[in-house]
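Undergrad: Residue numbers (the numbering used here), protein chains in the order written: chain A, 16 to 88; chain B, 2 to 918.
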Amino acid sequence: MANPFENEESEYVVLMNDEGQCSLWPSVREIPAGWTAVGPRGNRRDCLNWVEANWTDMRPKSLAAAQKKQASK
Amino acid sequence: MSFTDATDSTNSGKTQDSLKILSAGERRVLLESFIATARPLPEATLPTLFEGQVARAPRAIAVVFEEESLTYGELNVRANRLAHHLIGLGVGPESLVGIALERSIDMVVALLGVLKAGGAYLPLDLSYPEARLAYMVADATPALVLTSGVLRRRLPDQIELLELDSPKNQAAIGSTPAHNPKDAERISALLPRHPAYVIYTSGSTGTPKGAQNEHRAIVNRLTWMQEAYELKANEIVLQKTPFGFDVSVWEFFWTLLNGATIALAAPEGHKDPDYLIKLINSQQITTAHFVPSMLERFMATEGVEDCGSLQRLICSGEALPLSSVHKCRRLLPNARLYNLYGPTEAAVDVTAWTCPPDFDSTIVPIGRPISNTRIYVLDAGLEPVPVGVAGELYVAGAGLARGYLRRPALTAERFVADPHGLEPGGRMYRTGDLARWLPDGQLEFLGRVDQQVKIRGFRVELGEIEAALTAQPSVAQAAVIARENSAGGKRLVAYVVAAPGQIPEAAALRRRLGEQLPDYMVPSAFVVLESLPLTANGKLDRRSLPEPVAFQHEKGSVPPRDALESQLVAIFENALKLQPIGIRDNFFELGGDSLTAVQIFAEIEQTLGKRLPVTTLIEMPTVETLAPSVRQSTRSEGCGPVVAIQSQGTRPPFFGIHGRDGNILFYRKFSRLLGKEQPFYALQAQGLDGKPIAQTSVEAMVPYYLGGMRKVQPRGPYLLGGYSFGGLAAYEIARHLRAAGEEVALLALFDTANPAKPARVRSWDKIVRDKIRRVFSRGTTPSRILQFLAQHIGGKVGDKLLLCNEYIHKLVLGQARKRGRNRADELLNLHVQMVHERACLSYRPLPYPGKVTLFRTLDQDSAYEIDQDLGWSGVAQGGVEVHCVPGIHATIFAAENVPYLAREVEECIQSALSKSK
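1) Do the segment 575-590 of chain B and the segment 622-631 of chain B touch if we need at least three Cβ pairs shorter than 8 Å?
2) Does the CB of T206(B) have a neighbour CB from chain A at under 8 Å?
3) Give me the residue from R337(B), E346(B) and R375(B) with the minimum Cα distance to P357(B).
4) Cβ of A410(B) less than 8 Å from any chain A Cβ?
5) Comparing alpha-carbon positions, which option in V53(A), D61(A) and Q85(A) lies nearest Q36(A)?
6) Beta-carbon of G54(A) versus every beta-carbon of chain B: anything under 8 Å?
7) Just to confirm, are M108(B) and L102(B) a CB contact at a threshold of 8 Å?
8) Distance cutoff 8 Å, beta carbons only. Does V42(B) sit that close to anything in chain A?
9) Given Y201(B), which residues of its chain have a CB within under 6 Å of its CB, disregarding the five upstream and five downstream residues?
10) When you compare only the Cα positions, how much space is there between I46(A) and G57(A)?
11) Answer yes or no: does any C-beta atom of chain A fall closer than 8 Å to that of P425(B)?
12) Out of curiosity, what's the CA-to-CA distance linking N898(B) and F655(B)?
13) Taking only beta-carbon atoms, is G1(B) less than 8 Å away from chain A?
14) Beta-carbon separation of A139(B) and E67(A) under 8 Å?
15) Of all Cβ atoms in chain B, is any one closer than 8 Å to the Cβ of G49(A)?
16) Can S294(B) and V248(B) be called in contact, C-beta distance under 8 Å?
17) Is any beta-carbon of chain B found at less than 8 Å from that of V28(A)?
18) Who are the neighbours of E414(B) on chain A, taking C-beta pairs under 7 Å?
19) Bridge partners for G392(B) per DSSP, in chain order?
20) With burial defined as no fewer than 16 other Cβ atoms inside 10 Å of the residue's Cβ, what is the status of L168(B): buried or exposed?
21) 8 Å is my cut-off, CB to CB: does Q788(B) come that close to chain A?
22) When you compare the CB of E678(B) with every CB in chain A, is at least one pair closer than 8 Å?
23) By Cβ distance, which residues of its chain are closer than 6 Å to R60(B), with the 5 residues on each side in sequence left out?
24) Tell me the start and end of each unbroken alpha helix (DSSP H) in the segment 268-295 of chain B that is at least 4 residues and wholly inside, in chain order.
25) Helix, strand or coil: how does DSSP classify V624(B) here?
26) How would you write the range of the alpha helix (DSSP H) that H884(B) sits in, first residue to last?
27) Would you verify that the beta carbon of M73(A) is, or is not, closer than 8 Å to some beta carbon of chain B?
28) Counting only beta-carbon separations shorter than 8 Å, does A80(A) have a partner in chain B?
29) List the residues of chain A whose Cβ lies closer than 7 Å to the Cβ of L383(B), in chain order.
30) Shorter than 8 Å from the beta carbon of R194(B) to some beta carbon of chain A?
31) Going by beta-carbon coordinates alone, are T858(B) and I893(B) separated by less than 8 Å?
32) Tell me the DSSP secondary structure of Y844(B) in three-state form.
33) Using 10 angstroms around the beta-carbon of I504(B), count the other beta-carbons present and answer buried if the total reaches 16, otherwise exposed.
34) I'd like to know whether the C-beta of K21(B) is nearer than 8 Å to at least one C-beta of chain A.
35) Can you check whether the C-beta of A418(B) is within less than 8 Å of a C-beta belonging to chain A?
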């Protein structure tokens with residue numbers, strides 16, 4: 016079934032939110048609020064390779080901040 | 002019943018404007034009123050909530066297991082001591098601790114201990130196959146694994162273990178403080194966004210991956226459950242779900258956070274309805290969960306109507322059939338029935354339905370979203386589809402997992418930006434499930450997206466056929482799958498379990514379904530089973546459904562027409578243990594596999610004096626097609642290396658090279674999984690026809706294979722690969738192709754190590770034991786053989802290996818003779834295998850100017866030291882792309898593993914071809 020995230024022929028971008036989380040995203044679609052395009056624009060595999068290489072810490076950023084706050088208490 | 006297929010009506014890339022179909026009002030209903038679930042989000046962790054409950058009622062019974070029980074106070078102290086011990090070992094927030102224990106009080110202590118230390122737990126269900134456990138441990142790399150002295154043997158070596166029952170550890174744990182660990186004592190503070198558990202899920206395809214779930218998400222789920230179901234402190238909840246399945250999370254923690262009692266079922270008890278009925282009665286259990294397949298068995302068991310203590314029956318994990326709802330209401334009228342839905346990628350469940358007292362619908366919904374959860378049913382343009390229309394189900398909100406453990410790319414493609422969220426920057430998880438909204442705001446589950454198949458060009462929903470079957474009075478349970486036949490077409494096979502006292506008949510079922518469904522949705526075969534095969538978690542195991550043997554006979558078998566055909570029929574019948582077989586019946590559809598094929602050819606040789614390569618069966622799978630070749634074959638005329646497994650398709654063909662024993666039959670299933678667009682040619686070894694092999698080195702074999710390949714495909718880009726020894730041949734062929742100026746788009750090695758890698762031999766004993774284990778099932782003990790070898794064999798390791806092989810083969814033949822079976826194939830293979838063994842040992846690969854794509858197992862028993870790229874990076878100048886696939890070396894193409902492999906290879910082919918264009 017045609018899922019917009021499963022098309023090898025389509026062009027994609029990589030989005031990131033304030034939590035540092037990444038999302039594959041079809042480039043023809045409007046970028047949802049709170050997300051910014053980062054990394055490459057290209058085929059699916061290239062985008063996912065970029066994510067694999069760059070999203071190295073999967074902890075949400077708000078957690079890291081909360082942790083720092085706790086530690087400094 | 003058929004749904005407008007909104008998801009299929011768009012071409013990717015083009016935005017489809019469902020918006021224009023949906024009025025603003027409808028859109029508001031779908032994106033606002035149906036999913037208005039916002040509640041205050043509890044900012045807490047499992048340990049703090051549990052500790053709060055302990056303080057409120059420390060003397061209440063927390064857990065009962067057989068004769069043992071613990072109060073909340075006792076359980077808390079034991080968990081605290083373990084937690085302090087774990088903290089001392091370095092466990093804290095963001096660390097992962099495996100738990101490999103059977104269901105027991107110790108398991109509950111371990112779960113709480115890990116969480117209190119601040120860590121997340123990784124359940125390692127010891128009923129899983131060893132290879133799967135090894136994969137999970139290698140993939141998740143837990144800091145340590147909690148186990149017992151007895152159970153540790155079932156775990157892979159080389160992991161950090163903590164035996165909870167060893168006297169030394171018991172003493173150490175017993176001497177730690179008994180109080181609740183405080184944040185100041187932990188490695189760092191435990192926060193609601195820290196992970197609580199990682200549960201592995203495989204879905205229908207793809208390698209298993211660990212969904213990492215946070216405290217906040219599971220606390221939200223449990224808070225909702227208490228608001229909705231109001232568990233009282235005097236209630237008893239059955240804990241029977243294997244802890245590798247996320248349903249167990251609420252069985253444990255909903256109970257423990259609310260002061261009720263967990264009654265643990267015995268380790269294997271969850272599969273035994275008689276035992277469960279006894280347990281429910283003896284413990285006066287009020288709440289029990291069932292996967293619908295298991296519910297069906299439970300409801301069919303004598304005495305179920307006496308389970309009067311049951312107040313809640315909670316179902317999830319599979320579609321709940323209408324017939325089960327009626328059965329529950331009839332047999333257990335005092336129990337409320339709930340149907341829940343949720344992927345492992347969210348904290349257990351995201352929607353819930355309560356069966357109303359006056360239920361009279363024909364649809365069993367999965368209900369509405371739970372607190373702080375938004376469900377979208379979207380089309381291919383990511384826009385909501387109207388009420389009543391099928392679309393893909395997406396989940397957003399507090400329940401979402403953090404993602405897949407250490408799989409950023411996979412996480413980014415499944416957990417995607419939410420275009421319909423209330424807050425900016427939110428994510429939604431695409432479930433791969435199909436659903437639709439009902440007018441009252443409930444959701445109906447319609448099956449998996451990938452369970453949609455095309456039959457004769459029509460889109461078919463298997464779940465719809467299953468529902469039509471279970472609506473028949475003679476059918477208790479049904480499963481429908483699409484099987485591919487030898488011609489590459491698909492046909493539907495229905496598996497049914499009879500209702501008590503009924504005998505379902507294929508003809509009657511076909512007629513009844515024909516009255517309700519379009520003809521392309523009526524299965525072409527019906528198989529009656531005693532019960533449907535279930536996975537460890539109690540769900541239907543589609544992969545284990547047997548090949549339908551009944552197929553051909555329904556069509557009426559065509560009898561043999563001459564002496565040769567009747568001899569062949571007799572040979573087929575004998576080997577397949579099936580009568581009568583007609584001359585047009587397909588060997589593979591009758592359930593034949595490579596072993597039976599070998600048996601048939603050995604028999605042909607013995608009774609008819611004709612020797613044919615086993616692979617003849619692929620191209621000639623019936624007696625009718627095989628007979629002329631047998632007739633013509635005076636001696637085998639050297640049919641060349643190429644066997645066309647799948648000659649149709651538009652892509653460049655894939656060439657798959659045989660394994661060590663020269664056989665290529667195992668590629669059949671693999672090829673089928675690569676799909677109809679991918680032509681597949683196998684290259685078989687020389688010598689399978691009994692003739693001596695002329696070329697005995699890898700380099701010298703190349704022209705033989707290359708000649709065959711070029712006849713099929715004169716110019717590149719080439720796609721090729723080989724399994725085990727075949728990988729070396731593939732590598733050498735690729736080198737030659739490149740030297741001749743050809744393009745090699747993909748060079749795939751299936752679990753092949755570079756034999757030139759110096760430290761390749763792990764240990765002599767291990768190799769021998771391994772070989773012996775693979776060749777024998779039982780009989781001679783390995784130690785006896787080792788003794789023999791020690792006495793009789795000297796010389797170098799390589800020679801030992803060969804001699805050992807020879808020795809083993811002699812033993813095998815001896816045993817075969819004792820059993821009175823003709824195993825000429827063993828003799829035939831011996832020669833082929835020896836040549837390959839020798840060629841492998843002497844092969845020293847030279848540099849290759851391209852990329853090697855390696856599909857390797859995590860075979861702990863392999864003769865090779867575990868080394869990420871199996872030694873190829875030294876010679877592959879274009880680099881090595883490593884894909885870890887399930888199974889061990891010998892089972893990488895086995896039915897349970899090959900779908901994973903095929904999917905990975907398919908992706909590589911697609912990517913290779915897109916680059917080569």
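Where is the CB? At the ideal position from N, CA and C, for every residue including glycine. Please read all numbers here as calculations on a predicted model, not as lab measurements.
TA: A quick look at the data gives this:
1) yes
2) Residue confidence is low: T206(B) scores 46 on pLDDT, short of 50, so the model does not pin down where it sits. Its coordinate-derived value is still stated next. No, T206(B) does not count as interfacial toward chain A.
3) R337(B)
4) yes
5) V53(A)
6) no
7) yes
8) Before going on, a small fix: residue 42(B) reads as Leu here, not Val. No, its Cβ sits nowhere closer than 8 Å to a Cβ of chain A.
9) M137, P209 and G211
10) 16 Å
11) yes
12) 20 Å
13) Nothing can be reported for residue 1(B): it is not among the residues displayed for chain B, which extend from 2 to 918.
14) no
15) yes
16) no
17) no
18) F20, L39 and L63
19) A436(B)
20) Note on residue identity: the sequence assigns Pro, not Leu, to residue 168(B). Exposed.
21) For Q788(B), the pLDDT reaches just 47, beneath the cut-off of 50, and the residue's location in the model is therefore unreliable, leaving the point undetermined.
22) no
23) T72
24) 274-284
25) helix
26) Careful: H884(B) lies outside any alpha helix (DSSP H), inside the beta strand (DSSP E) at V881 to C885.
27) yes
28) no
29) P19 and R44
30) yes
31) yes
32) coil
33) exposed
34) With a pLDDT of 47 at K21(B), under the threshold of 50, the modelled position of that residue is not reliable, and the figure given next carries that caveat. Answer no: the Cβ-Cβ gap between K21(B) and chain A never drops below 8 Å.
35) yes
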